[in-house]
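Letter by letter, the sequence shown follows residues 1 to 337 in UniProt numbering.
To keep things clear, I will list the structure first and then write my remarks on it.
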Amino acid sequence: MTLLGPSGSGKTTTLNMIAGFLAPDSGRIMFDGRDVSSLPANRRNIGMVFQNYALFPTMSVRDNVGYPLRQRRVKASQRRSQVDAALEMVELGHLWDRRPAELSGGQQQRVALARAIVHRPPLLLMDEPLGALDRRLRDSLQSEIAAIHRHVGSTVIYVTHDQDEALCLSDRIAVFRDGRIEQLSSPSDMYEQPETSFVASFLGDSNILVGTFTRDGNLRLPDGTEVRCGPADAGRGDAAVAGPATVVVRPERMRLTELEATPRSGTNCLVGVVIEERYLGATRMVALDVGGDRRIVVRENSGAGQTRPIGSRLRVCWEPADGVWIDRGADRHGESS
């Protein structure tokens, strides 16, 4: 389970309340049906990986990992075997006698993770543990965290502001905004069926089209252009009622064609002028001005030598089924783009 949101949205505060470091103003903290709201942090039997790892600088790797067991008065012989098992799980058994200052950032993160899981807690809390690492190391450790989660079997609550990290690691994602949960669902549902403009914009790139829902089921844009979209009642409650409406289309679902090409029957098409092109390796992002103060972004595969010159006029098209209706009633905080 990942708590995802921008800085100041309340995700770390929520994690600290679950851990017992902060008391909620109202409501209760429940673990497996048991109210732990008044239970101190040291009696909640959780593991936690802090953003700065919080390793003891004068202790060896083995002593750092074994600290939770010493606090629980586990016998020395049993403690050693549990520490060795945790270190092997994070592939640091050969560095047991090192001090934290002698380790790389990735190795320190592994020590913090081993310390959090050494006593096999039923709940593991992780507060942006990969935030200080480079992209290659983050990708590697994401895979390790997922593997450890499967091996240990603990419930993991993971805090991050990194959308890719949330999609990669999570069974469920809660998107936070201004201290509230904007949407709670699986990664695929959240990406494919966002409930609000904020979620659509925050979780990946998106094109948000605002207009009016017509009686024949189309979206009429402010300039009078009508676009066809997926079923208006697909999980959107009152979205089929004529009136203001919003549709989201992901950039990878759109395609660019030359103006001379004949568009496929039934597809939505707008004509735009290229205002920006970004080469991203395997893909490129192309932004177009389609008029009416609207900016459309398209993600397409990079072709050898292929470019989309600034100022060129192109047609941007997408299938009606790729337009997802957003219920304006659910968009509690207003429009976002």
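Beta carbons are placed, not taken as given, at the ideal position from N, Cα and C, and that holds for glycine.
Taking all protein chains shown into account, do 16 or more other C-beta atoms lie within 10 angstroms of the C-beta of residue i, making it buried, or fewer, making it exposed?
| i | result |
| --- | --- |
| residue 127 | buried |
| residue 28 | exposed |
| residue 68 | buried |
| residue 254 | buried |
| residue 58 | exposed |
| residue 75 | exposed |
| residue 275 | exposed |
| residue 239 | Residue placement at residue 239 is poorly supported in this model, since its pLDDT is 46, which falls under 50; the coordinates still yield a value, given next. That one is buried. |
| residue 341 | Residue 341 falls outside the range modelled here, since the chain spans only 1 to 337, and no answer is possible. |
| residue 270 | buried |
| residue 56 | exposed |
| residue 251 | buried |
| residue 129 | buried |
| residue 348 | Beyond the ends of the chain as shown, which are 1 and 337, falls residue 348; an answer cannot be given. |
| residue 310 | exposed |
| residue 89 | buried |
| residue 104 | exposed |
| residue 303 | exposed |
| residue 237 | Residue placement at residue 237 is poorly supported in this model, since its pLDDT is 44, which falls under 50; the coordinates are not used for a value here. |
| residue 272 | buried |
| residue 30 | exposed |
| residue 234 | Because the pLDDT at residue 234 is just 49, under 50, the model does not fix this residue reliably, and the value given afterwards should be weighed accordingly. Exposed is the call here. |
| residue 108 | buried |
| residue 182 | buried |
| residue 422 | In this structure the chain extends from 1 to 337, so residue 422 is not present and cannot be described. |
| residue 124 | buried |
| residue 268 | buried |
Considering only DSSP beta bridges, list what residue i is partnered with.
| i | result |
| --- | --- |
| residue 48 | 125 |
| residue 35 | 30 |
| residue 183 | 175 |
| residue 309 | For residue 309, which the question treats as bridged, DSSP gives no partner whatsoever. |
| residue 224 | Residue 224 pairs with nothing; no bridge assigned. |
| residue 158 | 2 and 126 |
| residue 120 | The partner list for residue 120 (beta bridge, DSSP) is empty, contrary to what the question assumes. |
| residue 315 | 257 and 271 |
| residue 92 | Answer by DSSP bridge pairing: none, since residue 92 is not bridged. |
| residue 219 | 213 and 227 |
In the DSSP assignment, the beta strand (DSSP E) including residue i goes from what residue to what residue?
| i | result |
| --- | --- |
| residue 289 | 283-291 |
| residue 279 | 268-279 |
| residue 299 | 294-301 |
| residue 324 | 324-326 |
| residue 4 | 2-4 |
| residue 209 | 207-213 |
| residue 245 | 243-249 |
| residue 256 | 255-257 |
Assuming residue i and residue j are in contact, meaning their beta carbons sit under 8 Å apart, how far apart are those beta carbons, in whole angstroms?
| i | j | result |
| --- | --- | --- |
| residue 98 | residue 65 | Not confirmed; about 12 Å, so no contact. |
| residue 174 | residue 15 | Their Cβ separation, rounded to whole angstroms, is 11 Å, which puts residue 174 and residue 15 out of contact at 8 Å. |
| residue 208 | residue 152 | The pair is not a contact, with the Cβ atoms about 40 Å apart (cut-off 8 Å). |
| residue 106 | residue 137 | 5 Å |
| residue 187 | residue 206 | At roughly 15 Å, the Cβ-Cβ gap does not stay under 8 Å, so residue 187 and residue 206 are not in contact. |
| residue 326 | residue 195 | 7 Å |
| residue 353 | residue 256 | Lying before the first or after the last residue shown, residue 353 is absent from the chain, which here runs from 1 to 337. |
| residue 247 | residue 323 | 5 Å |
| residue 185 | residue 172 | 7 Å |
Could you tell me the boundaries of the alpha helix (DSSP H) in which residue i lies?
| i | result |
| --- | --- |
| residue 168 | 163-169 |
| residue 202 | 197-202 |
| residue 105 | 105-117 |
| residue 16 | 11-19 |
| residue 66 | 61-71 |
| residue 152 | 135-152 |
| residue 41 | No alpha helix (DSSP H) holds residue 41; DSSP gives it neither H nor E. |
| residue 87 | 76-89 |
Closest Cβ-Cβ distance between residue i and chain B: below 8 Å?
| i | result |
| --- | --- |
| residue 198 | In summary, chain B is missing from the structure at hand, where a single protein chain is found. |
task = Specify whether the segment 6-21 and the segment 43-53 touch according to this definition: at least 3 beta carbon pairs, one from each stretch, less than 8 Å apart.
result = Using a Cβ-Cβ distance cut-off of 8 Å, the segment 6-21 and the segment 43-53 are in contact, since at least three pairs of beta carbons, one from each stretch, lie closer than that value.
ask   = Between the segment 161-172 and the segment 286-300, do three or more beta carbon pairs fall short of 8 Å?
value = no
inquiry  = Does the contact criterion of 3 or more C-beta pairs under 8 Å hold for the segment 210-217 versus the segment 257-270?
reply    = no
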